[in-house]
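Trainee: So that we are looking at the same thing, I have put the structure below in structure tokens.
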Amino acid sequence: MLIAGVDLAAETRGTACALLDFSAPTVKIEVRLGVPDADIAALAPSVQNLGIDCAFGWPDDFLAFLTRHAAGHPVAASEDQGMAWRRRLAYRATDRAVRELTGRWPLSVATDRLGLTALHCAVLLDHVGQTLGSPVDRAGGGVAVEVYPAATLRLWGFDTKGYKTDATVRGMLLETLAARAPWVAFDAGTRELMVHSDDAFDAVVAALAARAHALGLTHPVPPECAAQAFREGWIALPAGRLEDLAP
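Each residue of the sequence shown is one higher than the one before, starting from 77 at the first, in my numbering.
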């Protein structure tokens, strides 16, 4: 079983991809930086799941807000235009689910710096869909699945403070990760790249999150959110332990 993970950036230069081979007791791993969309899309037919760290869509309420504003119609649906109203526009249904599970809000694809990367993601999903012969199921029902590495690590019990910005912290986190997943062959080159680059680190975690999804070890989309998830995307968060992903 091949599983891929992508830490997507606004540009190819910052995009990382990890490929994990679960076909043997020892999981082989390959990590690359600066991976173009064509290479990512080309992987899709050969992997069971492709975990992508980026929002697959935008909030329904935000799109309705923009549509009304563009048409010159009043944009406020109610007299309450406080924080609760702004959050309803800024966050997707899956973002609110992440908040409930982790206690933290993810970045808003509508109002935060994630937006530029999400534009790239929309194009990438088109490429993946064209390669597979059908549009990507943004709710995670197909090969591509939306993942969130930092939240995934926290739900597996890791301390993620500072790992995005501090190579020393990443090195310590990698040691803990490797100890809990001894079945992954973190060779010297892979370790060096993951410590050097938070993009490479997150690509590996994205692949592990996709492995959890492939095994049915992620929280499912609630039935009442199915329609929204189809349009907005849905983050697959682990419902089990990292140790349960072993081949």
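We put the CB at the ideal spot given by N, CA and C, even for glycine.
#1: Pick out whichever of Ala85, Ser99, Val123 and Leu126 has its Cα sitting closest to the Cα of leucine 109.
#2: Roughly how many angstroms lie between the CA atoms of isoleucine 79 and alanine 194, to the nearest whole one?
#3: Would you mind stating whether histidine 295 and leucine 313 have Cβ atoms separated by less than 7 Å?
#4: If we count the other Cβ atoms within 10 Å of its Cβ and call it buried at 16 or more, is glutamine 206 buried or exposed?
#5: Between the beta-carbon of aspartate 83 and the beta-carbon of aspartate 235, is there less than 7 Å?
#6: For threonine 241, which residues in the same chain have their Cβ closer than 8 Å to its Cβ, ignoring the five residues on either side in sequence?
#7: Return the Cβ separation of alanine 276 and valine 107 in integer angstroms, given the expectation that the two are a contact with Cβ distance under 8 Å.
#8: Can you tell me whether lysine 294 is helix, strand or coil according to DSSP?
#9: Could you check what DSSP says for glycine 316 in three-state terms: helix, strand or coil?
#10: Between valine 325 and leucine 142, what straight-line distance do the alpha-carbon atoms span, to the nearest angstrom?
#11: Out of Thr228, Leu250 and Thr244, which one is the CA nearest neighbour of arginine 287?
Mentor: Once the coordinates are examined:
#1: Ala85
#2: 22 Å
#3: yes
#4: exposed
#5: no
#6: Asp274
#7: 5 Å
#8: It is threonine, not lysine, that sits at residue 294 in the sequence shown. Three-state result, threonine 294: strand.
#9: coil
#10: Any question about residue 325 goes unanswered here, given that the chain covers just 77 to 323.
#11: Thr228
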